[in-house]
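A quick write-up on the structure given underneath.
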Amino acid sequence: MKFPYGLSDFATLIGESYFYQDRTDRIPLLEDAGRQLIFIRPRRFGKSLLLSMLEHYYDVNRADQFDALFGHLAIGRNPTPLHNQYFVMKWDFSLIKAQGELKEIETALHQHLNDRIAKFQRYYAHHLTAPIEIHPDNALSSWESTLTAISETPRKLYLLIDEYDNFANEVLMTGRKPEYYEALLYGEGLLKTVFKAVKAAAGGLGLDRVFITGVSPVVLSDMTSGYNVAKNIYLDNEFNDLCGFTEPELAAVLTRLAAGATWSVAEALDAMRTFYNGYRFSEEAKDGLYNPT
732 MKFPYGLSDF
742 ATLIGESYFY
752 QDRTDRIPLL
762 EDAGRQLIFI
772 RPRRFGKSLL
782 LSMLEHYYDV
792 NRADQFDALF
802 GHLAIGRNPT
812 PLHNQYFVMK
822 WDFSLIKAQG
832 ELKEIETALH
842 QHLNDRIAKF
852 QRYYAHHLTA
862 PIEIHPDNAL
872 SSWESTLTAI
882 SETPRKLYLL
892 IDEYDNFANE
902 VLMTGRKPEY
912 YEALLYGEGL
922 LKTVFKAVKA
932 AAGGLGLDRV
942 FITGVSPVVL
952 SDMTSGYNVA
962 KNIYLDNEFN
972 DLCGFTEPEL
982 AAVLTRLAAG
992 ATWSVAEALD
1002 AMRTFYNGYR
1012 FSEEAKDGLY
1022 NPT
């Protein structure tokens, strides 16, 4: 049994037979929960793998991989009509440099968005009938051009945003320039403006669904007036174990590993219960959730 520690690419995990605790049965629940969702969990909790799974499920370019990737999983036996129906774009804010002066941080944000838009254009080139114009100094204009190009196709966009608060938290927690954080998120700050553009795009401009992950609701609270349309699902009981492991799941894995071993399942589970158990993101959750670490 191979465990995918630090591996967040769903196709690699499935294709190379790593252990995967199936959470694909939650896809219909996520679709019903809303079109713009935010899901918060601590670091190293499997959020990036969750986004990768959604990316592979909805990506129109991966339709021919559906059976290989999902056929043996819960959703493969009962897929939703939306599988492999979207253009998918992913932003990863953990890659945005948070050091330097405010202008440098803003430039890094523009650069990341432009890089992802350029990658999107190359990846979906055979679907797009209109060019996307990349504006090096204004990623929001590049975003508008992307939406225009999408509007001329029969497809819509699913936007995935990983670690939406990472670089803003880095700016805040370093204690160097708290005013930089305010400049990014208050008034007409760039990060707030980016999310205002996401909100506008979902108003009939080609963006159909958004799924956002992060580690804290602080940034979301500070930019509420710019992006007040997302539904917070991180405290909902039905998504309590969307990431992480339940005790029966962990016990089943230990039992498989224990065949012929000299260690005791009960002792191993007791140690894990002491150090890794206890997360209850929903007030209705009865049992503690295990940290994937």
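All residue numbers for the sequence shown refer to this note's numbering, where the first residue is 732 and numbers rise by one. The beta-carbon is built from N, C-alpha and C at its ideal position, and this holds for glycine as well.
Sequence-distant partners of residue 882 (beyond 5 residues in either direction) whose C-beta falls short of 8 Å from its own C-beta, in its chain, are 936, 937. With respect to residue 888, residue 879 sits apart: the two C-beta atoms are not nearer than 9 Å. In the DSSP annotation of this structure, the continuous segment of the beta strand (DSSP E) that includes residue 942 starts and ends at 938-945. Less than 9 Å separates the beta-carbon of residue 971 from that of residue 1011. Shown here for residue 1000: same chain residues with a beta carbon closer than 8 Å to its own, the five before and five after excluded, namely 978, 981, 982, 985 in chain order.
Per the Cβ contact rule, the stretch 945-953 is in contact with the stretch 762-779 (3 or more Cβ pairs under 8 Å).
Burial state of residue 928 is buried, judged by a 10 Å Cβ sphere holding 16 or more other Cβ atoms. Each residue's CA atom was taken as its position, placing residue 965 and residue 949 some 14 Å apart. Following the DSSP letters along the chain, one finds residue 887 inside the beta strand (DSSP E) bounded by residues 887-893. Separation of residue 845 and residue 898 (C-alpha to C-alpha, rounded to the nearest whole angstrom) is 17 Å. In the structure shown, residue 934 falls within a coil segment according to DSSP collapsed to helix, strand and coil.
If you draw a straight line from the Cα of residue 968 to the Cα of residue 861, it is about 43 Å long.
C-alpha of residue 779 to C-alpha of residue 829: approximately 20 Å in a straight line. Using a Cβ distance threshold of 9 Å, residue 925 and residue 890 do not count as a contacting pair. Taking 9 Å as the cut-off, the Cβ atoms of residue 788 and residue 800 count as close. Burial is judged here by how many other beta carbons sit within 10 angstroms of a residue's own beta carbon; residue 841 has at least 16 and is buried. As computed with DSSP, residue 733 is found in a beta bridge with 749. Beta-carbon to beta-carbon, residue 843 and residue 886 are separated by about 23 Å, too far to satisfy the 8 Å threshold. If the five residues before and after residue 794 are omitted, its C-beta is found closer than 7 Å to the C-beta atoms of 815, all from its own chain and listed in chain order.
As summarised for the stretch 764-818, the continuous alpha helix (DSSP H) elements at least 4 residues long and confined to that stretch are 778-789, 797-801, 805-808, given in chain order. If you check the CB distance, residue 909 and residue 976 do not come in under 9 Å. Residue 921 and residue 836 have their C-alpha atoms roughly 10 Å apart.
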